[in-house]
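In the numbering used here, the protein residues as written are 67 to 382. Ideal Cβ positions, reconstructed from N, Cα and C, are used throughout, including at glycine. Okay, structure first, notes after.
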């Protein structure tokens, strides 16, 4: 099936007039298209419903009106947005087998994925800071994490990445694209798009590294610093039950951080030579689909308050 697309030659005269790309997604397994469609449709419904429920209970349940759950509600809403940028398009491609995407749609999709990815990096950092203040400085916690501060931190997380990522997307899509227009991926991500650009992409690659360091590595290091402080504080607690309780409030967040940052760091910060289409797809599936699917589970299974709020909602 991929040969069907390969034979389409772009017109020679104006190479950037190639206004359409083709997302190959899972074209190499033609027999599995409907199975994959069914699987990803179920995954999409699970992600939207589970994150939607968490978002709802953090808004409606009086017991969950604390900074920690305010951030968790925002994270759940973010996950719904994040997955809605990539999965519906992939489902459409799998069901219709029409895989073309216009240059503008591709750029828009990339920009949204990058902006929401940056927001998630920053929001996970804010959540680590929240846990750090709660455990290391409990007496000042209500003062430090006032409602106004929480709103500012969330707004900052959502907005900070926007100008940077719009600039980055604009810079990538102002490159000339000649020759192939086949994106060996299931959405418009940076590595597969840069492969299609002709001419020198060194400046763009450096920009990708700089932005990744700024938006992925710096927040990740801040999270590590927060957890360093948290762990040293927990170890000083006199009672074993106190230590266990403190650890359990952090374990879910740490799991989410490891899942999301691990795959994002490998995708955007590994050397270009080690990029392979299969590896890129697997990593992207990890941070765009696996993380949003597991986050509600990670946060609710270990959390008595969330389970109690869920019971209340179901009883109603």
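### Query
Buried or exposed: residue 224, going by 16 or more other Cβ atoms within 10 Å of its Cβ?
If you number the chain shown from 1, residue 224 lands on position 158. That one is buried.
### Query
Straight-line CA distance for residue 301 to residue 372?
Position 235 of the chain shown, counted from the start, is the residue given in the question as residue 301. Position 306 of the chain shown, counted from the start, is the residue given in the question as residue 372. Between residue 301 and residue 372, the C-alpha separation is close to 26 Å.
### Task
Taking residue 178 as the reference, give the member of 142, 190, 253 with the closest Cα.
By 1-based counting over the chain shown, the position of residue 178 is 112. Taking the Cα of residue 178 as reference, the smallest distance to any Cα among 142, 190, 253 is reached at 253.
#### Entry: Cutoff 8 Å; reference residue 148; Cβ partners in own chain excluding five residues on either side
Along the chain shown, one-based indexing puts residue 148 at 82. These residues qualify, in order along the chain: 179, 182, 183, 186, 354, 358.
### Query
Among residues of its own chain, excluding the 5 on either side of residue 286, which ones have a beta-carbon nearer than 6 Å to its beta-carbon?
Translated into the one-based positions of the chain shown, residue 286 becomes position 220. Contacts found: 327.
### Task
Give a yes or no on contact between the stretch 190 to 207 and the stretch 126 to 144, applying the rule of three or more CB pairs nearer than 8 Å.
Verdict: yes, contact present.
### Query
The alpha helix (DSSP H) spanning residue 87 covers which residue range?
Against the chain shown, residue 87 aligns to sequence position 21. Under the DSSP assignment, residue 87 falls outside any alpha helix (DSSP H), being part of the beta strand (DSSP E) whose first and last residues are 86 to 89.
### Message
Let me check understanding here. Comparing Cα to Cα, which of 364, 306, 227, 106 lies closest to residue 281?
### Response
Position 215 of the chain shown holds residue 281. Comparing Cα positions, the closest option is 227.
### Task
My understanding is that residue 250 touches residue 258, with C-beta atoms under 8 Å, so please give their C-beta distance in whole angstroms.
As a position in the chain shown, residue 250 is number 184, starting the count at 1. As a position in the chain shown, residue 258 is number 192, starting the count at 1. The C-beta separation of residue 250 from residue 258 comes to about 6 Å, placing the pair in contact by the 8 Å criterion.
### residue 166 - containing beta strand (DSSP E), residue span
Numbered from 1 along the chain shown, position 100 holds the residue referred to as residue 166. Residue 166 -> beta strand (DSSP E) spans 166 to 168.
### Task
For residue 243, name the three-state secondary structure that DSSP assigns.
Here residue 243 is taken as the residue at index 177 of the chain shown, counted from 1. Strand, per DSSP.
### Cα-Cα separation, residue 164 to residue 330
As a working mapping, residue 164 is identified with position 98 in the chain shown. As a working mapping, residue 330 is identified with position 264 in the chain shown. When only Cα atoms are considered, residue 164 and residue 330 end up about 29 Å apart.
### Message
Considering only the alpha carbon of each residue, which of 123, 293, 95 lies closest to residue 382?
### Response
Position 316 of the chain shown holds residue 382. For the residues 123, 293, 95, the minimum Cα distance to residue 382 belongs to 123.
### Query
Whose C-alpha, out of 176, 275, 199, 201, is nearest the C-alpha of residue 232?
The residue labelled residue 232 in the question sits at position 166 within the chain shown. Residue nearest to residue 232 within the set 176, 275, 199, 201 is 176 (criterion: CA-CA distance).
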